[in-house]
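Protein chains in written order, with the working numbering: chain A, 246 to 584; chain B, 246 to 584; chain C, 246 to 584. Ideal Cβ placement from N, Cα and C applies to all residues, glycine included.
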Amino acid sequence: MLLGKLAQSIGAAVEGDDSIEITGIAPLATANKTQIAFIARKAFIDQLSTTSAAAVILTREVADSSQYVGNKLISDNPYLAYAKATRFFDPFPSKTEAFIHPSATVAPNATIGERVYIGANTVIEDHVVVGDETQIGSGCFIGQGTTLGKNCLLHSNVSVYHDVDIGDRVILHSFAVIGADGFGFAPSSEGWVKIHQLGGVSIGDDVEIGSATAVDRGALGDTVLEDGVKLDNHVHIAHNVSIGKNTAFAAMSGVAGSTKIGANCTVAGMVGFAGHLTIVDNVHFTGKTMVSSDVLEPGVYSSGVPLQPANVWRKNAIRLGKLDEYVRVLNRLAKKLND
Amino acid sequence: MLLGKLAQSIGAAVEGDDSIEITGIAPLATANKTQIAFIARKAFIDQLSTTSAAAVILTREVADSSQYVGNKLISDNPYLAYAKATRFFDPFPSKTEAFIHPSATVAPNATIGERVYIGANTVIEDHVVVGDETQIGSGCFIGQGTTLGKNCLLHSNVSVYHDVDIGDRVILHSFAVIGADGFGFAPSSEGWVKIHQLGGVSIGDDVEIGSATAVDRGALGDTVLEDGVKLDNHVHIAHNVSIGKNTAFAAMSGVAGSTKIGANCTVAGMVGFAGHLTIVDNVHFTGKTMVSSDVLEPGVYSSGVPLQPANVWRKNAIRLGKLDEYVRVLNRLAKKLND
Amino acid sequence: MLLGKLAQSIGAAVEGDDSIEITGIAPLATANKTQIAFIARKAFIDQLSTTSAAAVILTREVADSSQYVGNKLISDNPYLAYAKATRFFDPFPSKTEAFIHPSATVAPNATIGERVYIGANTVIEDHVVVGDETQIGSGCFIGQGTTLGKNCLLHSNVSVYHDVDIGDRVILHSFAVIGADGFGFAPSSEGWVKIHQLGGVSIGDDVEIGSATAVDRGALGDTVLEDGVKLDNHVHIAHNVSIGKNTAFAAMSGVAGSTKIGANCTVAGMVGFAGHLTIVDNVHFTGKTMVSSDVLEPGVYSSGVPLQPANVWRKNAIRLGKLDEYVRVLNRLAKKLND
Numbered sequence: 246m247l248l249g250k251l252a253q254s255i256g257a258a259v260e261g262d263d264s265i266e267i268t269g270i271a272p273l274a275t276a277n278k279t280q281i282a283f284i285a286r287k288a289f290i291d292q293l294s295t296t297s298a299a300a301v302i303l304t305r306e307v308a309d310s311s312q313y314v315g316n317k318l319i320s321d322n323p324y325l326a327y328a329k330a331t332r333f334f335d336p337f338p339s340k341t342e343a344f345i346h347p348s349a350t351v352a353p354n355a356t357i358g359e360r361v362y363i364g365a366n367t368v369i370e371d372h373v374v375v376g377d378e379t380q381i382g383s384g385c386f387i388g389q390g391t392t393l394g395k396n397c398l399l400h401s402n403v404s405v406y407h408d409v410d411i412g413d414r415v416i417l418h419s420f421a422v423i424g425a426d427g428f429g430f431a432p433s434s435e436g437w438v439k440i441h442q443l444g445g446v447s448i449g450d451d452v453e454i455g456s457a458t459a460v461d462r463g464a465l466g467d468t469v470l471e472d473g474v475k476l477d478n479h480v481h482i483a484h485n486v487s488i489g490k491n492t493a494f495a496a497m498s499g500v501a502g503s504t505k506i507g508a509n510c511t512v513a514g515m516v517g518f519a520g521h522l523t524i525v526d527n528v529h530f531t532g533k534t535m536v537s538s539d540v541l542e543p544g545v546y547s548s549g550v551p552l553q554p555a556n557v558w559r560k561n562a563i564r565l566g567k568l569d570e571y572v573r574v575l576n577r578l579a580k581k582l583n584d
Numbered sequence: 246m247l248l249g250k251l252a253q254s255i256g257a258a259v260e261g262d263d264s265i266e267i268t269g270i271a272p273l274a275t276a277n278k279t280q281i282a283f284i285a286r287k288a289f290i291d292q293l294s295t296t297s298a299a300a301v302i303l304t305r306e307v308a309d310s311s312q313y314v315g316n317k318l319i320s321d322n323p324y325l326a327y328a329k330a331t332r333f334f335d336p337f338p339s340k341t342e343a344f345i346h347p348s349a350t351v352a353p354n355a356t357i358g359e360r361v362y363i364g365a366n367t368v369i370e371d372h373v374v375v376g377d378e379t380q381i382g383s384g385c386f387i388g389q390g391t392t393l394g395k396n397c398l399l400h401s402n403v404s405v406y407h408d409v410d411i412g413d414r415v416i417l418h419s420f421a422v423i424g425a426d427g428f429g430f431a432p433s434s435e436g437w438v439k440i441h442q443l444g445g446v447s448i449g450d451d452v453e454i455g456s457a458t459a460v461d462r463g464a465l466g467d468t469v470l471e472d473g474v475k476l477d478n479h480v481h482i483a484h485n486v487s488i489g490k491n492t493a494f495a496a497m498s499g500v501a502g503s504t505k506i507g508a509n510c511t512v513a514g515m516v517g518f519a520g521h522l523t524i525v526d527n528v529h530f531t532g533k534t535m536v537s538s539d540v541l542e543p544g545v546y547s548s549g550v551p552l553q554p555a556n557v558w559r560k561n562a563i564r565l566g567k568l569d570e571y572v573r574v575l576n577r578l579a580k581k582l583n584d
Numbered sequence: 246m247l248l249g250k251l252a253q254s255i256g257a258a259v260e261g262d263d264s265i266e267i268t269g270i271a272p273l274a275t276a277n278k279t280q281i282a283f284i285a286r287k288a289f290i291d292q293l294s295t296t297s298a299a300a301v302i303l304t305r306e307v308a309d310s311s312q313y314v315g316n317k318l319i320s321d322n323p324y325l326a327y328a329k330a331t332r333f334f335d336p337f338p339s340k341t342e343a344f345i346h347p348s349a350t351v352a353p354n355a356t357i358g359e360r361v362y363i364g365a366n367t368v369i370e371d372h373v374v375v376g377d378e379t380q381i382g383s384g385c386f387i388g389q390g391t392t393l394g395k396n397c398l399l400h401s402n403v404s405v406y407h408d409v410d411i412g413d414r415v416i417l418h419s420f421a422v423i424g425a426d427g428f429g430f431a432p433s434s435e436g437w438v439k440i441h442q443l444g445g446v447s448i449g450d451d452v453e454i455g456s457a458t459a460v461d462r463g464a465l466g467d468t469v470l471e472d473g474v475k476l477d478n479h480v481h482i483a484h485n486v487s488i489g490k491n492t493a494f495a496a497m498s499g500v501a502g503s504t505k506i507g508a509n510c511t512v513a514g515m516v517g518f519a520g521h522l523t524i525v526d527n528v529h530f531t532g533k534t535m536v537s538s539d540v541l542e543p544g545v546y547s548s549g550v551p552l553q554p555a556n557v558w559r560k561n562a563i564r565l566g567k568l569d570e571y572v573r574v575l576n577r578l579a580k581k582l583n584d
């Protein structure tokens with residue numbers, strides 16, 4: 246791809262030779278003569294003097310404050326420009342022509358759009374709808390009555406249960422599972438009685454769901470992921486949860502049933518949400534936070550405990566187990582001294 | 246389904262027209278004229294005045310204390326009655342006739358019961374036994390010598406390794422894996438030496454196992470889940486763990502090797518158990534608890550840290566890292582004041 | 246297998262009848278007349294007097310300090326000797342002859358080594374290389390351009406994306422996924438823009454990866470697991486992480502992007518690492534630790550909070566939320582008293 250064309254595609258202005266051929270993207274320190282690089286933070290400005298990159302995406306300000314004489318891709322937001330450039334060099338083998346592998350099992354009454362790719366051994370059940378230019382890898386299962394939008398990408402070995410509704414440009418990674426039963430049982434004298442999960446899952450456009458992430462179907466009514474939601478690997482979304490537009494979850498976080506999370510939130514890794522909570526828009530949770538109550542004010546919230554050497558921590562942890570007692574002693578002392 | 250017949254099936258008494266046709270279940274607020282609803286808590290009693298539901302499951306007491314004049318399904322335990330009703334409206338396509346998909350690979354010496362359904366691409370290895378009326382979805386793997394009981398439901402893409410013993414009416418969700426190797430290695434001067442896992446897994450009746458949940462085989466002897474155990478998604482059960490009757494685990498909890506957990510326990514999400522512990526019956530753990538010692542008294546246990554605004558929490562967390570020091574100061578002050 | 250031959254294979258010396266036939270391994274308490282047992286800790290020495298085992302692996306010292314008169318397998322390291330013995334009794338059906346199941350889809354330009362086994366419905370894409378004596382179970386997916394070394398074992402239903410490089414004697418369990426996209430998005434005014442993940446994954450020799458564990462591909466450059474790394478179930482390794490030789494992770498631990506972990510570390514369950522950290526060699530983390538900063542000294546580190554009865558813990562947790570305030574009071578009191 247020529248540098249000039251790439252620049253145009255990512256909204257950057259070339260300063261230098263726009264006719265050179267670009268073959269990839271690499272970090273400043275290791276980029277070779279046909280790869281571009283980017284500089285997102287001034288901290289890396291020194292690496293400009295030694296990079297071999299074909300061109301560097303950088304801001305006007307960084308360009309002017311460095312001695313860098315190589316080809317420049319001037320951008321107000323180099324990180325975003327880099328993100329936009331990556332799609333031209335993705336080694337993933339996209340399929341753009343209509344193809345159904347002979348070993349796939351596609352129900353005759355399924356509706357398959359144009360230029361759809363269906364890989365080996367994939368099973369498409371009755372009344373499924375697959376939108377145009379959607380690519381489904383091998384070994385996937387799409388349950389009865391489910392709808393997939395246009396331009397989706399399901400990697401190999403994805404399971405989507407019955408009656409799930411998925412929008413356009415959704416990406417599902419291997420071992421993602423959408424629409425399995427929510428965890429519902431009523432206690433009885435004979436043990437747990439299963440509450441069959443009668444709802445579905447509704448997933449908007451531009452959602453990406455990581456490997457081994459599970460989004461359960463609703464008990465009554467749907468579990469909902471709005472447009473632009475991004476879930477990393479090993480995320481658990483319980484029944485009847487709803488997650489607002491563009492909210493992103495890092496790996497290993499989970500949400501218990503019926504909790505509503507707003508738009509534009511970010512959730513770091515291993516965060517756990519109790520059930521039936523309300524979280525407003527623009528809330529951010531740091532790693533390992535336990536969200537056990539509503540969050541009604543935007544902001545950053547935490548509860549993760551930072552590590553210490555085990556012998557130091559052990560003493561602190563023992564004291565923590567008697568903290569209430571110590572505070573009572575403290576209060577008595579304060580009272581005595583103030584008297 | 247006629248209301249009268251439904252009432253009988255769920256152990257409720259009809260007050261009103263038992264001849265109306267019921268097509269589903271929905272929340273009080275959204276139920277339409279052919280759906281039933283239920284009221285499990287008095288807090289929702291106001292919704293009775295506006296519901297359009299065909300009938301409502303409720304207690305005698307709630308019925309008498311409301312002005313509700315619609316059809317009633319009187320039950321001592323409306324939540325349990327609702328649970329029992331759900332199975333009549335489950336949209337999941339159950340298969341009730343004998344069928345083996347031509348693309349399935351079934352070992353000639355496997356023993357397949359009556360009215361068994363085996364989906365596309367499923368692999369059944371040598372000497373497997375599948376009980377009557379068990380339904381196995383597509384893309385499953387059942388390893389050599391494994392036994393599945395009667396009336397089990399394996400959703401698509403489940404892996405059960407060799408020599409696993411599974412009871413009746415067990416439900417396994419997509420990407421559940423039973424019988425993978427426990428994590429065992431002996432340190433040596435040349436690195437870790439694998440301890441091959443020679444035991445199996447024994448799973449009782451009426452067990453349900455969620456998506457992406459893993460129950461490892463034993464090192465020597467079996468890992469055991471007793472009757473009625475329920476495991477949500479992303480649960481990890483290590484080798485030689487045993488879990489007592491009707492104990493339920495919410496998502497993302499895990500148990501390290503050889504820990505024994507009693508009956509009728511409940512484990513909330515993200516709870517972690519160390520290895521080689523004993524937990525008695527009727528113990529309950531709240532979310533994110535770290536179980537690092539035996540629990541020999543029934544009751545409720547916790548250690549999860551509730552969230553705060555990050556700037557508040559950061560100060561507390563720093564103090565926590567010196568808690569032992571502060572308590573020593575406190576003790577000195579107390580001594581001085583008491584002297 | 247004759248006891249004498251077994252002893253030789255595990256580096257132990259027989260005292261007793263080396264011609265007896267051994268059929269398995271079991272705990273001291275339950276071993277029968279054709280099974281061997283081992284005693285790794287002196288605490289179990291009393292069980293020697295009642296065991297029915299065919300022979301017992303034990304140290305010279307334990308042998309001499311007991312009255313045990315049965316067959317002995319004398320070893321300096323009985324636990325290691327036991328580990329070495331397990332491989333002779335593993336019930337897993339290993340395949341040692343060349344075989345490609347007719348339902349497998351193998352690209353004509355893939356390079357398949359000698360005595361490779363490829364199970365039913367497995368998909369091998371273009372330009373894949375599979376080393377000699379590697380066994381691939383059913384329902385696996387091996388993406389374009391990926392290399393698997395010699396003597397690997399992929400259990401059923403494993404996904405390896407494109408352009409992944411895997412060494413020799415690597416074991417991957419069901420639902421392990423190698424090379425899915427790292428979680429990378431650039432914020433923009435139109436929402437998140439996907440950063441296509443252009444790097445790969447490089448996995449050394451003798452690595453074992455558990456069920457439902459995910460190792461993501463790099464954004465630019467590779468994610469790296471060095472030789473002898475062992476990952477339990479449900480582990481998450483983000484893009485561009487590197488993990489040093491022989492480091493072992495217990496279940497449900499995860500590492501955020503670009504963190505570098507040294508060699509010979511051990512990570513207990515549910516440990517979470519923030520991104521962009523450096524952890525040196527020989528560091529050990531106890532369960533549920535939050536690793537939020539570099540660890541530059543070998544040793545043991547912790548931050549998990551031990552459980553308490555819920556009513557006790559609740560009081561302590563409330564106090565913890567005001568810890569900074571209490572310490573300020575404490576400091577004022579101390580100052581007052583010292584004045």
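Neighbour flag for residue i against chain C, beta carbons, 8 Å
i, result
"residue 380 of chain A", "no"
"residue 270 of chain A", "yes"
"residue 295 of chain A", "no"
Residue of the options minimising C-alpha distance to residue i
i, options, result
"residue 483 of chain C", "C:460, C:541 and C:292", "C:460"
"residue 363 of chain C", "C:371, C:372 and C:343", "C:343"
"residue 392 of chain A", "A:372, A:340 and A:381", "A:372"
"residue 451 of chain C", "C:412, C:258, C:278 and C:350", "C:412"
Interface partners of residue i on chain B, CB under 8 Å
i, result
"residue 560 of chain C", "Per Cβ cutoff of 8 Å: no residues; residue 560 of chain C is ~11 Å from chain B at best."
"residue 565 of chain A", "565 and 568"
Residue i at chain A interface by Cβ criterion, 8 Å
i, result
"residue 439 of chain B", "no"
Cutoff 8 Å: residue i Cβ touching any chain B Cβ
i, result
"residue 266 of chain C", "no"
Proximal chain C residues relative to residue i, where beta-carbon distance stays under 7 Å
i, result
"residue 287 of chain A", "The contacting residues do not exist; residue 287 of chain A stays about 17 Å from chain C at best."
Chain B residues whose Cβ lies nearer than 7 Å to that of residue i
i, result
"residue 581 of chain A", "582"
Where residue i meets chain A, residues with beta-carbon distance less than 7 Å
i, result
"residue 572 of chain B", "564 and 571"
*asked:* Counting only Cβ-Cβ distances shorter than 8 Å, please list the residues of the stretch 392–405 of chain C near chain A, keeping chain order.
replied: So the close ones are 402 and 404.
*asked:* Using 8 Å as the cut-off, can you tell me whether the stretch 368–377 of chain C makes contact with the stretch 342–360 of chain C, which would need three or more C-beta pairs spanning the two stretches below that distance?
replied: They touch, by the three-pair rule.
*Check distances from the C-beta atoms of the stretch 484–500 of chain B to those of chain A and list, in chain order, the residues that come in under 7 Å.*
Those residues of the stretch 484–500 of chain B placed with their C-beta closer than 7 Å to a C-beta in chain A are 491, 493, 495, 496 and 497, ordered along the chain.
*With a cut-off of 8 Å, do at least 3 Cβ pairs link the stretch 414–427 of chain A to the stretch 461–472 of chain B?*
Note that the stretch 414–427 of chain A does not touch the stretch 461–472 of chain B; fewer than 3 beta-carbon pairs, one per stretch, sit closer than 8 Å.
*Flag this pair as touching only if the stretch 298–310 of chain C and the stretch 260–268 of chain C have three or more C-beta atom pairs under 8 Å; answer yes or no.*
These segments touch.
*Taking 8 Å as the threshold, find out whether the stretch 432–450 of chain A comes into contact with the stretch 398–408 of chain C through three or more Cβ pairs.*
By the Cβ rule, the stretch 432–450 of chain A does not count as touching the stretch 398–408 of chain C, because fewer than three pairs are nearer than 8 Å.
_Quick check: the stretch 486–494 of chain A against the stretch 511–518 of chain C, are at least 3 beta-carbon pairs closer than 8 Å?_
Counting Cβ pairs under 8 Å, fewer than three are found: no touch.
*Are at least three pairs of beta-carbons, each pair with one atom in the stretch 329–338 of chain C and one in the stretch 440–453 of chain B, less than 8 Å apart?*
Contact holds: three or more Cβ-Cβ distances are below 8 Å.
*Can you give me, in chain order, the residues of the stretch 512–542 of chain A that have a beta carbon less than 7 Å from any beta carbon in chain C?*
Residues passing the 7 Å Cβ filter: 514, 515, 532 and 533.
_Residues from the stretch 542–557 of chain C in contact with chain B, defined by Cβ distance under 8 Å_ = Here the close residues are 549, 550, 551, 552, 553, 554, 555 and 556.
*Would you be able to state if there are at least three C-beta pairs under 8 Å between the stretch 248–259 of chain C and the stretch 569–576 of chain B?*
Three or more beta-carbon pairs separated by less than 8 Å are not found between the stretch 569–576 of chain B and the stretch 248–259 of chain C, which leaves the two stretches without contact.
*Of all the residues that make up the stretch 407–430 of chain B, which are near chain C by a beta-carbon distance shorter than 8 Å?*
Shown in chain order are the members of the stretch 407–430 of chain B whose Cβ falls below 8 Å from a Cβ of chain C: 407, 408, 420, 422, 425, 426, 428, 429 and 430.
_Does the structure place the stretch 525–539 of chain A close enough to the stretch 544–555 of chain B that three or more beta carbon pairs sit under 8 Å?_
Here the stretch 544–555 of chain B makes contact with the stretch 525–539 of chain A; the two share three or more CB pairs at distances below 8 Å.
*Quick one, which residues of the stretch 336–369 of chain A are near chain C if we go by CB-CB under 9 Å, in chain order?*
If the cut-off is 9 Å between Cβ atoms, the stretch 336–369 of chain A has 336, 337, 338, 346, 348, 364, 365 and 366 near chain C.
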